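From first to last, the protein sequence lines are chains A and B. The first sequence begins at 245 in our numbering and counts up by one. The second sequence begins at 2 in our numbering and counts up by one. Every residue gets a Cβ at the ideal spot worked out from N, C-alpha and C, and that includes glycine. Note that the structure is predicted; figures quoted are calculated from it, not measured. The block underneath contains the structure these notes are about, expressed in structure tokens.
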Amino acid sequence: MLIIVPVFTQNDTVRIQINTTTDTLSVFFISRNAGRVLYVLNDGLESQIFFYIRLYKKAEGFFAFLGDHLVAEYSPQCVGYRDFFDDDYVIENYDGKILRFKNPDKFVKELFSLRDFRLRGMEEADHSRYYVMVMVQLDSVKLVPPFTILSLLPFEGRSVTPWIKQELVK
Amino acid sequence: MRIRESGRSSSIILIVLVIFYILLIAIIILFFQQIILTIYKSNPITNIMIMGIIIILPIILLSAIIFNIVKLLKERALKKSGARFKTRLILFFSFIAILSAVPQTTLSVTFINSVINSEFVTRLNDVVGNAWSIAVEYYTSKSKNLETFGKSNLLPYLFRELPSRPGNTWKTVHNANPEIQFLQVFSSSGKELYFKAQNTIAQAARVSDFSTLSGGMGKLPKDERGDISILRYLYKLTRGSSSYYVLFGVVLPKSFDQKTKQLMESREFFAQLARYKNLFEVVIVIFYSLFSFPVLLLAILVSFFLAEEIIRPIFNLEEATQRVAQGDFSIRILSRSSDELSNLIQSFNRMVSELEISKKKLLQAEKIAAWQEIAKRLAHEIKNPLTPIKLSAERIQKKFEQSNNDNQKELKKVIGSSVTAIISEVENLNKLLKDFSDFAKLPEPRCEKTNLKKLIKEAASLYNNPAADIRIDSKGIDKDTAVYIDAKQFKQVFANLIINAVQAMPHGGTIFIRADLVKKEKTNYCRIQVQDTGAGIDEEIKQAIFDPYFTTKKGGAGLGLSIVERIVFDHKGNIWFESQKGRGTTFFIDIPLEQE
Numbered sequence: 245m246l247i248i249v250p251v252f253t254q255n256d257t258v259r260i261q262i263n264t265t266t267d268t269l270s271v272f273f274i275s276r277n278a279g280r281v282l283y284v285l286n287d288g289l290e291s292q293i294f295f296y297i298r299l300y301k302k303a304e305g306f307f308a309f310l311g312d313h314l315v316a317e318y319s320p321q322c323v324g325y326r327d328f329f330d331d332d333y334v335i336e337n338y339d340g341k342i343l344r345f346k347n348p349d350k351f352v353k354e355l356f357s358l359r360d361f362r363l364r365g366m367e368e369a370d371h372s373r374y375y376v377m378v379m380v381q382l383d384s385v386k387l388v389p390p391f392t393i394l395s396l397l398p399f400e401g402r403s404v405t406p407w408i409k410q411e412l413v414k
Numbered sequence: 002m003r004i005r006e007s008g009r010s011s012s013i014i015l016i017v018l019v020i021f022y023i024l025l026i027a028i029i030i031l032f033f034q035q036i037i038l039t040i041y042k043s044n045p046i047t048n049i050m051i052m053g054i055i056i057i058l059p060i061i062l063l064s065a066i067i068f069n070i071v072k073l074l075k076e077r078a079l080k081k082s083g084a085r086f087k088t089r090l091i092l093f094f095s096f097i098a099i100l101s102a103v104p105q106t107t108l109s110v111t112f113i114n115s116v117i118n119s120e121f122v123t124r125l126n127d128v129v130g131n132a133w134s135i136a137v138e139y140y141t142s143k144s145k146n147l148e149t150f151g152k153s154n155l156l157p158y159l160f161r162e163l164p165s166r167p168g169n170t171w172k173t174v175h176n177a178n179p180e181i182q183f184l185q186v187f188s189s190s191g192k193e194l195y196f197k198a199q200n201t202i203a204q205a206a207r208v209s210d211f212s213t214l215s216g217g218m219g220k221l222p223k224d225e226r227g228d229i230s231i232l233r234y235l236y237k238l239t240r241g242s243s244s245y246y247v248l249f250g251v252v253l254p255k256s257f258d259q260k261t262k263q264l265m266e267s268r269e270f271f272a273q274l275a276r277y278k279n280l281f282e283v284v285i286v287i288f289y290s291l292f293s294f295p296v297l298l299l300a301i302l303v304s305f306f307l308a309e310e311i312i313r314p315i316f317n318l319e320e321a322t323q324r325v326a327q328g329d330f331s332i333r334i335l336s337r338s339s340d341e342l343s344n345l346i347q348s349f350n351r352m353v354s355e356l357e358i359s360k361k362k363l364l365q366a367e368k369i370a371a372w373q374e375i376a377k378r379l380a381h382e383i384k385n386p387l388t389p390i391k392l393s394a395e396r397i398q399k400k401f402e403q404s405n406n407d408n409q410k411e412l413k414k415v416i417g418s419s420v421t422a423i424i425s426e427v428e429n430l431n432k433l434l435k436d437f438s439d440f441a442k443l444p445e446p447r448c449e450k451t452n453l454k455k456l457i458k459e460a461a462s463l464y465n466n467p468a469a470d471i472r473i474d475s476k477g478i479d480k481d482t483a484v485y486i487d488a489k490q491f492k493q494v495f496a497n498l499i500i501n502a503v504q505a506m507p508h509g510g511t512i513f514i515r516a517d518l519v520k521k522e523k524t525n526y527c528r529i530q531v532q533d534t535g536a537g538i539d540e541e542i543k544q545a546i547f548d549p550y551f552t553t554k555k556g557g558a559g560l561g562l563s564i565v566e567r568i569v570f571d572h573k574g575n576i577w578f579e580s581q582k583g584r585g586t587t588f589f590i591d592i593p594l595e596q597e
């Protein structure tokens, strides 16, 4: 079963796709900051994107008031940069794979996507008791030390979506 | 012996604060860099938590300081001993802490900003930028050269001797393009037929397994082998029905990739510096302040307890001195330290010990002297009536020996007058002994709320004698005035004062009694005045009228005013008098209104 839910934030769109057959999750982030990312990369800087995923199991019974149980938490992270030697746009994926693109639009689309991320930890076959919360954080400029200190304050290079809830089975 | 403990709790807090202070500095040193390096990896919630801790800590410390400031102000308002000195010490310590922290912070921040904006950094940025351009240019030229050469129409001609004479082909290719550093020939099945490299470094470009090559014909993706990077071009050569694969290319200088990566990182650093310089300077100031501010606050907080620790022995000493001044010689101060202050405390303790011994000796001497005085007075007072008793007895005896029937009447007269004299003197003796006994047995006052006007009226009723032309005026006492006194004892006080006043006015007069509320320092008193219009008290005896056994009256024990004074003192009150010769005397008694 495939569920695709678009969630609209103030400036950006997040699309969550869950495949309950393979227990995989895909997140597609469509941001107005795509142009900024390319600009930053052409300036010799790197961009990075975090996909924060929390898998919850709904609480039932007497102790339900205590809240749902956090089953697993993931934060896959992808880094994009420009290879000036070969004139490529490069993505260092969360799983270590290196992807190269000549076309900037394809590069941005891929950088803003998390594909077929495996959700582990679901013990019960009944997936209706599970749901995920997803948040995307785009750092159009991946800060290097000591500038990482700037991330303590809200700065122009970072955009964060709110937590988006998605049931595994609708 | 009472021993005053120094402030143990304050010392413990001080030690805990100092340990916390050192820990805080250690944490800042250890984790400051860690936070900078890893903060971007943490999610916004973690960042908020870190910011929370950074903000909450100063708030807690600030609250503790405000609490101590309020406490200090309260102590000052109550004029507690040592409060002013403590304030000065705290201000001094805080001033020192700020004096050292502010220039340190300013210098550090200025230094960081100076480094960021220095000519050195600008030049370094230029150098890195230029090096980067050279590296990209070098790589691009090598890459383009290889690609141009690979696409060249000359290649079929240059490879004309393949596969029979590959050695000649290598020489031909190398002569045509000296940048080509290796040549490798494979059969259509992928079997290596020939390999030749320009030098030992280029030997690394040899492909052992043709099937591992990817990317098809033409320029292949850059191959990284350890610290060697290789650019290859794959060309398919057809000879009749057979085909061959010719691989040639260039080897980049050793560690080219690592060095360019370092250059890229440096370039990234300088690009971010250029982009966020102003914001970074502001954040550095904020971040530095956030870390140094708690340390400063902690230093100020330490100063409170340090001042307390310093002032406590002085405060104890001052308090003990006051107690000694009030006559309490049993006080001792315990000192744990071994500094000059401790020596002073030990000297004080020794002095108080010696004073206590001296006081005991003095009291003993006074007691002996008092007993001697009592014995002397008693002997004198008893001796006086004994003479008339003895004379009367001797007279009776003499008349009795000379008696006969003729002088029975005279004998009877002598015996009568003598016995009367003896009885009178014995009664005087009895009264004298009773007065002594009363004075000795005066009990502790049992205070209760007493209506003053009523009590005075009761005491005065015995002496308000119109026949003797003595009048007592108590209009000056409010009917509701009430004081906490032992009514029985104070009745005696008023009786004694009224008797004295009556005796001071042998030709009659008016005794005025009044009561007023007065306030001395912070205590409310009831001031009672007993005024006569008698002869007044002579100047030379004014000092002695409250002394026991002092009297100007014949047959008096001299204990009346002594008893009055003692009762007033037992009630925590005070008594004094004003007298003018020929105009009269006024006795003043102050009794505290608050019940202790």
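{"query": "Separation of B/L297 from B/E269, as counted between CA atoms", "result": "36 Å"}
{"query": "CB contact check: A/D339 to chain B, cutoff 7 Å", "result": "no"}
{"query": "Closer than 6 Å: A/D327 CB and nearest the ligand ZN heavy atom", "result": "The ligand ZN is not part of the structure shown, which contains no ligands of any sort."}
{"query": "Short CB-CB distance (under 7 Å) between B/E269 and chain A", "result": "yes"}
{"query": "C-alpha distance - B/T586 paired with B/K81, whole-angstrom precision", "result": "42 Å"}
{"query": "Listed by chain order, chain E residues near B/L58 by CB distance under 7 Å", "result": "Annotation note: the requested chain E is absent from the structure, which comprises protein chains A and B."}
{"query": "7 Å Cβ cutoff met for B/V186 and B/P167", "result": "yes"}
{"query": "Buried versus exposed call for B/Q105 [16 or more other C-beta atoms within 10 Å across all chains shown]", "result": "exposed"}
{"query": "Between the CA atoms of B/D224 and B/P164 - distance to the nearest angstrom", "result": "26 Å"}
{"query": "Contacting residues, own chain, Cβ-Cβ under 7 Å from B/Q204 (five flanking each side not counted)", "result": "A198"}
{"query": "Neighbour flag for A/F356 against chain B, beta carbons, 7 Å", "result": "no"}
{"query": "Short CB-CB distance (under 7 Å) between A/D287 and chain B", "result": "yes"}
{"query": "Closest by C-alpha distance to A/D458, when choosing among A/E368, A/P390 and A/A308", "result": "In the structure displayed, chain A extends from 245 to 414; residue 458 of chain A sits before or after that span and is not available."}
{"query": "Reference B/E449, options B/A321, B/P222, B/E595 and B/L24, closest by Cα", "result": "B/E595"}
{"query": "Rounded separation between B/I599 and B/E428 - CA only", "result": "Nothing can be reported for residue 599 of chain B, as the shown portion of chain B is limited to 2 through 597."}
{"query": "Beta strand (DSSP E) segments (min. 3 residues) lying fully within the stretch 193-222 of chain B", "result": "193-198"}
{"query": "Own chain residues within Cβ distance below 8 Å of B/V325, not counting five before or after", "result": "I332, V353 and L356"}
{"query": "Alpha-carbon to alpha-carbon, A/D331 and A/N277", "result": "22 Å"}
{"query": "For B/G585, the residue or residues it bridges with in DSSP", "result": "B/Q581"}
{"query": "Which of helix, strand or coil DSSP assigns to B/A483", "result": "strand"}
{"query": "Minimum Cβ-Cβ distance from A/F252 to chain B less than 7 Å", "result": "Below a pLDDT of 50, predicted positions are generally treated as unreliable, and A/F252, at 47, falls in that range; the measurement from the model is reported next regardless. No, A/F252 lies away from the interface with chain B (no Cβ there is under 7 Å from its Cβ)."}
{"query": "Partners in chain A for B/K223, counting only beta-carbon separations shorter than 8 Å", "result": "F329 and D330"}
{"query": "Exposed unless 16 or more other CB atoms sit within 10 angstroms - verdict on B/A516", "result": "buried"}
{"query": "Other residues of its chain near B/T552: CB distance less than 6 Å, five sequence neighbours each side excluded", "result": "G559"}
{"query": "7 Å Cβ shell around A/P250 - same chain, five flanking residues per side excluded", "result": "Reliability of the predicted coordinates at A/P250 is poor, the pLDDT of 47 falling under 50, and no value is obtained from them."}
{"query": "A/G365 versus A/Y300 - alpha carbon distance", "result": "10 Å"}
{"query": "Cross-chain neighbours of A/V388 in chain B, by beta carbon under 8 Å", "result": "E266, E269, F270 and Q273"}
{"query": "Chain A contacts made by the stretch 132-166 of chain B, where a contact means CB separation under 9 Å", "result": "W133, A136, V137, Y140, T141 and S144"}
{"query": "Cross-chain neighbours of A/V352 in chain B, by beta carbon under 7 Å", "result": "Near A/V352 there are no residues of chain B at all, since even the closest Cβ is about 20 Å away, more than 7 Å."}
{"query": "Identity of the residue in B/P386, B/L58, B/G328 and B/I334 nearest B/I358 by Cα", "result": "B/G328"}
{"query": "Separation of B/L235 from A/F329, as counted between CA atoms", "result": "20 Å"}
{"query": "Alpha helix (DSSP H) segments (min. 4 residues) lying fully within the stretch 293-331 of chain B", "result": "none"}
{"query": "Same chain, Cβ closer than 6 Å to A/V315, five either side skipped, listed in chain order", "result": "L299, K301 and G365"}
{"query": "Sequence-distant residues of its chain with Cβ nearer than 7 Å to B/S188 (five each side left out)", "result": "L194 and Y245"}
{"query": "Test item: CB-CB of B/T591 and B/P446 under 7 Å", "result": "Correcting the residue type first, residue 591 of chain B is Asp in the shown sequence and not Thr. Contact: no."}
{"query": "Chain B residues whose Cβ lies nearer than 8 Å to that of A/L299", "result": "Neighbours of A/L299 on chain B: none; closest Cβ ~16 Å, over 8 Å."}
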